[in-house]
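Residue numbers (my numbering): 28 to 323.
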């Protein structure tokens with residue numbers, strides 16, 4: 028498989044497309060939201076097509092990387108969508124983070140048309156998308172995964188985690204954890220600052236203790252601790268993922284008390300204008316309430 032299509036050349040899709048080009052794949056793209064990103068991929072060697080159907084007609088496999096389930100459905104089944112151009116025997120790799128329920132439904136509809144599907148959401152953000160080192164959680168039929176694995180390996184480290192929808196389940200587990208751990212880190216650091224603790228010394232000590240975690244060690248030094256919430260992972264995108272997890276949990280009758288509370292805190296931060304900033308911006312609520320600035 029050498030001809031790959033990409034629908035969704037956004038902040039993640041563009042560097043993923045660049046990784047595919049570096050790996051020697053022939054890449055077809057179409058504009059979804061950003062013309063500038065598509066133009067950069069074309070300059071790097073991609074071919075531009077007028078819509079998703081035309082991309083699919085030129086590809087053995089099409090990757091979708093769009094915000095949520097409605098956009099995935101539109102890209103696949105809407106007017107001039109992937110299914111209008113893809114021949115039976117082709118493949119769709121949806122790398123968006125969406126509901127596992129929706130993903131399984133899309134898989135079924137594609138299978139009825141003779142098109143294989145792998146749901147393969149990612150973790151690592153734009154930085155690791157740029158270096159081709161994403162963690163990729165892939166769900167789908169064994170044969171479909173085997174066919175798509177070389178494409179996935181060009182963008183990171185894929186793991187086949189189970190049947191259709193299981194990739195999305197694994198990704199939502201990750202989002203549940205990071206959403207709650209971020210809140211825990213912020214609460215603890217605001218508490219520490221209010222108590223008069225040396226934050227840098229505290230971080231060094233916690234890094235060797237059981238409270239050590241990736242967000243405290245790696246993520247916050249590049250966002251909050253630099254005095255800015257620019258870049259990173261948009262708070263509203265995390266809210267979208269967390270809501271998908273909460274909806275799935277409701278259907279399964281699984282209590283998600285901490286996640287629901289975290290969702291409300293992120294909702295408040297979004298309502299106050301922080302939705303497009305890194306989700307560490309929820310710290311603004313805590314700092315204001317406590318009357319301290321952790322980083323000054």
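Using N, Cα and C, we set each Cβ at its ideal position, and we do this for glycine too.
Selected residue, minimal CA-CA separation from residue i, among the options
{"i": "residue 121", "options": "111, 115 and 132", "result": "132"}
{"i": "residue 28", "options": "275, 214, 58 and 171", "result": "171"}
{"i": "residue 137", "options": "111, 161 and 124", "result": "111"}
{"i": "residue 308", "options": "290, 318 and 250", "result": "250"}
{"i": "residue 314", "options": "220, 209 and 239", "result": "220"}
{"i": "residue 316", "options": "248, 142, 282 and 217", "result": "217"}
{"i": "residue 75", "options": "62, 57 and 61", "result": "57"}
{"i": "residue 197", "options": "162, 318, 289 and 297", "result": "162"}
Short Cβ contact (8 angstroms threshold) for residue i with residue j
{"i": "residue 91", "j": "residue 35", "result": "yes"}
{"i": "residue 265", "j": "residue 286", "result": "no"}
{"i": "residue 1", "j": "residue 113", "result": "Within the shown structure, residues of the chain are numbered from 28 to 323, placing residue 1 beyond reach of any answer."}
{"i": "residue 185", "j": "residue 165", "result": "yes"}
{"i": "residue 37", "j": "residue 64", "result": "yes"}
{"i": "residue 257", "j": "residue 191", "result": "no"}
{"i": "residue 301", "j": "residue 269", "result": "no"}
{"i": "residue 73", "j": "residue 54", "result": "yes"}
{"i": "residue 109", "j": "residue 80", "result": "yes"}
{"i": "residue 234", "j": "residue 244", "result": "yes"}
{"i": "residue 312", "j": "residue 291", "result": "no"}
{"i": "residue 182", "j": "residue 68", "result": "no"}
{"i": "residue 141", "j": "residue 116", "result": "yes"}
{"i": "residue 125", "j": "residue 195", "result": "yes"}
{"i": "residue 260", "j": "residue 305", "result": "yes"}
{"i": "residue 159", "j": "residue 118", "result": "no"}
Residue i - partner residues in DSSP beta bridges
{"i": "residue 144", "result": "119"}
{"i": "residue 56", "result": "33 and 75"}
{"i": "residue 150", "result": "162"}
{"i": "residue 261", "result": "305"}
{"i": "residue 89", "result": "32 and 119"}
{"i": "residue 183", "result": "161"}
{"i": "residue 189", "result": "166"}
Residue i - containing alpha helix (DSSP H), residue span
{"i": "residue 290", "result": "284-296"}
{"i": "residue 196", "result": "193-221"}
{"i": "residue 314", "result": "310-317"}
{"i": "residue 43", "result": "40-49"}
{"i": "residue 231", "result": "226-233"}
{"i": "residue 135", "result": "127-138"}
{"i": "residue 323", "result": "Taken as a continuous stretch (DSSP letters only), residue 323 belongs to no alpha helix (DSSP H), as it is neither H nor E."}
{"i": "residue 97", "result": "96-104"}
{"i": "residue 325", "result": "What is shown of the chain runs 28 to 323, which leaves residue 325 out entirely."}
{"i": "residue 70", "result": "62-70"}
Distance cut-off 7 angstroms: residue i Cβ against heavy atoms of the ligand ATP
{"i": "residue 209", "result": "Although the ligand ATP was asked about, the structure shown includes no ligands whatsoever."}
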